[in-house]
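Residue numbers (the UniProt record's numbering): 1 to 348.
Virtual Cβ for every residue (Gly too), placed ideally from N, Cα, C.
Computed from a predicted model, the values in this text were never measured in an experiment.
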């Protein structure tokens, strides 16, 4: 059997222990409570003072424009070995350059990787030349197309064209086109007084003029991809009359030496006209940037429509509104067009 528990202490001994320990515990408890209350009160008072302080507007710090501005871009130079007359002009190249990634805007020389006139009209040849020049390099590619109506348009590709089982490329890709400006007679000199001015109807419809202007502020532009819209002067070939000291004379008039200039053809009238450059950047709706197969090349897509499509022989193409770039049809010939020339430029 276990021994019985010890008897409890007498009441007089318990009261003595409680009498001695109670003042000490009370003092420590009171001190801790007072410190905690003072901390909360001071914190609360600081917050209250900050909230109650009057709001004083911050004075704007005057800043000066830094004198260290980035230098202007060096003019582009084209390296087109073996090509007689590239369809990409320097003025058009500078417009495209402004939309390239910043790292590629610094590239001063573009190299002609493929030309239909120089290398032949085969998509496989285009793939081979681009792969040989840019495989493994972080570069850009400018695709330039001229249709049978002399319209020039194309695309910027973040990766070189190649046969691939799926879509590739990134949001740096974009489509672009150039449009001949109408109503050129508006900018010409005033006709002599004895010659009646042409009626307004002969200068073109108002819709044709307004189509080249940006939409008004009240227009609904939610579904429009305005992109970049600029105007530049197209290249004008030099003629014997333009190289002289006198200005070019009208068709049918004689110049020095009695030479009679023949009337200009429609193709000659287009040369040197003012061009409107339009770019259509990536919208983010889908990732159908580039899709190339052995028998066709395409840029942009969605809902069964291609932004730009070229067949395997580079003789026919299609351009329609695509969800990827929300672009206009690039060719003025319509959704389908005949290809006159194709170029691919290496930027890197």
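Its chain contains 90, 93, 94, 97, 108, 109 and 110 as the residues whose beta carbon lies nearer than 8 Å to that of residue 76, once the 5 sequence neighbours on both sides are disregarded; these appear in chain order. For residue 317, the enclosing beta strand (DSSP E) has its first and last residue at 316-318. Looking at the backbone, the Cα of residue 180 and that of residue 327 are separated by about 18 Å. Residue 343 has 115 and 144 as its beta-bridge partners, per DSSP. Per DSSP, reduced to three states, the secondary structure at residue 93 is helical. Inclusion of residue 130 and residue 161 in the CB contact set at 8 Å is warranted, their separation being smaller than that value.
Beta-bridge partners of residue 277 (DSSP): 178 and 230.
Residue 86 has its alpha-carbon roughly 16 Å from the corresponding atom of residue 148. With a cutoff of 8 Å on beta-carbon distance, residue 315 and residue 299 are scored as not near each other.
DSSP, reduced to helix, strand and coil, places residue 283 outside both helices and strands of the structure shown, so it counts as coil. DSSP places residue 293 in the uninterrupted beta strand (DSSP E) bounded by 290-293.
Its chain contains 314, 339, 341, 342 and 343 as the residues whose beta carbon lies nearer than 8 Å to that of residue 116, once the 5 sequence neighbours on both sides are disregarded; these appear in chain order. Within the DSSP bridge table, the entry for residue 296 names 293 and 311 as partners. Classified as buried, residue 134 has 16 or more neighbouring CB atoms from the shown chains inside 10 Å of its CB. The continuous alpha helix (DSSP H) containing residue 125 extends over residues 123-134.
Contact between the segment 116-126 and the segment 57-69 is absent, with fewer than three C-beta pairs closer than 8 Å. Per DSSP, residue 157 is one residue of the beta strand (DSSP E) stretching across 152-157. Classified as buried, residue 178 has 16 or more neighbouring CB atoms from the shown chains inside 10 Å of its CB. Assignment of beta-bridge partners to residue 338 by DSSP yields 316.
Contact between residue 175 and residue 330 is confirmed by a C-beta separation of about 6 Å, below the 8 Å threshold. At least 8 Å separates the beta-carbon of residue 322 from that of residue 296. When only Cα atoms are considered, residue 69 and residue 106 end up about 15 Å apart.
Look at residue 325 here: in three-state DSSP terms it is coil, with no helix or strand label.
Note that the C-beta distance between residue 318 and residue 336 is below 8 Å. Taking 8 Å as the cut-off, the Cβ atoms of residue 152 and residue 142 do not count as close.
Look at residue 306 here: in three-state DSSP terms it is coil, with no helix or strand label. The beta carbon of residue 285 lies closer than 6 Å to those of 323 in the same chain, with the five residues before and after it left out. Rounded to whole angstroms, the separation of the alpha carbons of residue 150 and residue 140 is 25 Å. Sixteen is the threshold: when 16 or more other Cβ atoms of the shown chains lie within 10 Å of the Cβ of residue 158, as they do, the residue is buried. Residue 325 places its beta carbon 8 Å or farther from that of residue 274. By the Cβ-count criterion, residue 146 is buried, with 16 or more other Cβ atoms from all chains shown falling within 10 Å of its own Cβ. Closest option to residue 104, judged by alpha-carbon separation, among 82, 122 and 138: 138. Within its own chain, no residue has a Cβ closer than 7 Å to the Cβ of residue 334 once the five positions on either side in sequence are excluded. As a beta-bridge residue in DSSP terms, residue 77 pairs with 109.
Here DSSP, grouped into helix, strand and coil, assigns residue 26 to helix.
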